[in-house]
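Remarks on the structure that follows.
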Amino acid sequence: MTVPAPPPQLLTPLDHALAWARAGEPVALATVTGTWGSSPRPAGSCMAISANGAVEGSVSGGCVETDVMTHAQDIIAGSPAQTLEYGVSSARAWEVGLACGGRLDVQVEAIKSPACPTGTLPLALLEQACACMANRQAAALVRLPNGVQHALVVQTEQGSTVQSGTCPPEICQAAQTRMQHGRSGEESDAQGQLWFVQPLVPAPRLLIVGAVHIAQSLARMASMVGLAPVVIDPRTALATVQRFPGLVPGQTLLTDWPDEAMQALGIDRMTAIATLTHDAKLDDPTLEVALRSPAFYIGALGSRTTQASRMERLSGLGFGAEALARIRGPIGLAIGAVGAEEIALSILADIIAVRRQAPLAEARGW
């Protein structure tokens, strides 16, 4: 088979910041480094701001963006990196719009480049960080609050290693732990100095096996919530750009056999898999590969009877009860869905519930 090209990743604020900096534009990066209470965005959320006013990403869902952008322009112009503190107890929080009862810390620093020599975040380190994300290699960006020291910790088969910059070994170890659960936060080194650790886990993606009617809606909806869709179906009459506009043949629209395509793509912990074909010749080999992978979600379309037959066949191939329990079937949350669009919505809701470990994921009602 032809090895499929890696699917294009959904661009992150870091990707936009890198593109602007490479184009010769001064750029600042704002990152949420601390949250308390009902802050609208989690730690690690970031926003890229260019000198020409372009913005990508968010640090508060709209509450404090304008104030952060104002400070970012000052930092681009030469002011030192700064951590902005917003809290409901301060009058300034109400002035900028954070009246929801939470607290938010946002670090703002400029990218050090020929266009912005006063920046503190090295352009080369940002390039390496974006390359890790594009290659689906887990990494973590670590830095001091004042922006004077940065490092990129990369996950390898032997453990974590510092690819760029320097950081204490205990921070490197903490970064490895945080890469496992993907949550950003502060860590203290042996001297009591706080470092902010921002895991750069691979972008989540959804492998959809079966270019059926439901898949058309599911692929569109997946993109809207940040899941990069890849549709796989050897039936070339179904897997067409006319039926899946926006997907790229050979990259995100594949006509290889699903098990072969998935092995070539590689499945990691940020991959969800949904089989929608109703055809055992396609679904069963797909599920064999999926069950041997670390995919965070595996779902299969079909009735209870179809699911029972599927489980019996897979059991005959040597899969035990614990492995088979990973298959969400019938796929989707039980919301009474009717029609392809609603079924796609129920599938996407189930994927989100599993990814976020929501109680709803364990009480589906089938």
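Residue numbers (my numbering): 1 to 366. In this text, a Cβ means the ideal position worked out from N, Cα and C, and glycines have one as well. This structure is a prediction, so every number in the text was calculated from the model and none was measured.
| Distance, Cα to Cα, valine 162 vs isoleucine 171? | Indexing the sequence shown from 1 puts residue 162 at position 162. Indexing the sequence shown from 1 puts residue 171 at position 171. So the two alpha carbons sit approximately 10 Å from each other.
| the ligand MN heavy atoms versus the CB of valine 154: any closer than 7 Å? | No copy of the ligand MN occurs in the structure displayed, which carries no ligand at all.
| Excluding the five sequence neighbours on either side, which residues of its own chain have a C-beta within less than 8 Å of the C-beta of methionine 270, listed in chain order? | Your numbering for residue 270 matches position 270 in the sequence shown. Hits under 8 Å: Arg136, Val201, Pro202, Ala203, Pro204, Arg205, Phe296.
| query | What is the residue span of the alpha helix (DSSP H) that tryptophan 257 lies within? | reply | As a position in the sequence shown, residue 257 is number 257, starting the count at 1. First-last for tryptophan 257: undefined, no H or E at that position.
| request: For aspartate 350, count neighbouring C-beta atoms within 10 Å of its own C-beta (all shown protein chains included) and say buried if the count is 16 or more, exposed if not. | output: As a first step, residue 350 is located in the sequence shown; it is residue number 350 there, counting from the start. Aspartate 350 comes out buried.
| message | Spatial neighbours of cysteine 130 within its chain, please: C-beta separation below 6 Å, excluding the five flanking residues on both sides. | response | In the sequence shown, residue 130 corresponds to position 130, counting from 1. Correct list, in chain order: Leu14, Asp15, Leu18.
| said: I need the DSSP call for proline 150, collapsed to helix, strand or coil. | reply: By one-based count along the sequence shown, residue 150 stands at place 150. The sequence given here has histidine at residue 150, not proline. Histidine 150 falls in the strand class under three-state DSSP.
| said: So if DSSP puts threonine 156 in a beta bridge, which residue, or which two residues, is it bridged to? | reply: Stepping through the sequence shown from its first residue, residue 156 is reached at position 156. Per DSSP, Gly159.
| query | Where does proline 294 land, buried or exposed, given buried means 16+ other C-beta within 10 angstroms? | reply | To locate residue 294, count along the sequence shown from 1; it is residue 294. Exposed, by the Cβ-count rule.
| query | Under 8 Å between the Cβ atoms of alanine 275 and leucine 287? | reply | The residue labelled residue 275 in the question sits at position 275 within the sequence shown. The residue labelled residue 287 in the question sits at position 287 within the sequence shown. The residue you asked about is not alanine; residue 275 is threonine in the sequence shown. Yes, Cβ-Cβ distance for threonine 275 and leucine 287 is below 8 Å.
| task | Whole angstroms is fine: what's the gap from alanine 211's alpha carbon to alanine 219's? | result | Start at 1 with the first residue of the sequence shown, and residue 211 comes out as number 211. Start at 1 with the first residue of the sequence shown, and residue 219 comes out as number 219. Distance between the alpha carbons of alanine 211 and alanine 219: 10 Å.
| request: Classify valine 354 as helix, strand or coil using the three-state DSSP reduction. | output: The residue you call residue 354 lines up with position 354 of the sequence shown. Note: valine 354 maps to helix in three-state DSSP.
| Buried or exposed: which applies to histidine 181, given that a residue is buried once 16 or more other Cβ atoms fall within 10 Å of its Cβ? | In the sequence shown, counting from the first residue as 1, residue 181 sits at position 181. Histidine 181 should be labelled exposed.
| query | For alanine 272, which residues does DSSP report across the bridge? | reply | In the sequence shown, residue 272 corresponds to position 272, counting from 1. Paired residues: Leu206, Tyr297.
| request: May I ask you to report which of helix, strand or coil DSSP gives glycine 57? | output: Numbered from 1 along the sequence shown, position 57 holds the residue referred to as residue 57. Glycine 57 falls in the strand class under three-state DSSP.
| request: My understanding is that alanine 239 touches leucine 253, with C-beta atoms under 8 Å, so please give their C-beta distance in whole angstroms. | output: Here residue 239 corresponds to residue number 239 of the sequence shown, with the count starting at 1. Here residue 253 corresponds to residue number 253 of the sequence shown, with the count starting at 1. Indeed, because the Cβ distance is near 6 Å, the residues count as touching under 8 Å.
| Going by C-alpha distance, which of Thr118, Asp268, Asp259, Met221 is nearest proline 245? | The count along the sequence shown starts at 1 and reaches residue 245 at position 245. With distances taken between Cα atoms, proline 245 lies closest to Met221.
| request: May I ask you to verify whether the stretch 118-133 touches the stretch 48-63, counting CB pairs closer than 8 Å and requiring at least 3? | output: no
| For glutamine 198: DSSP bridge partner residues | Here the question's residue 198 lines up with position 198 in the sequence shown. Answer is Leu141.
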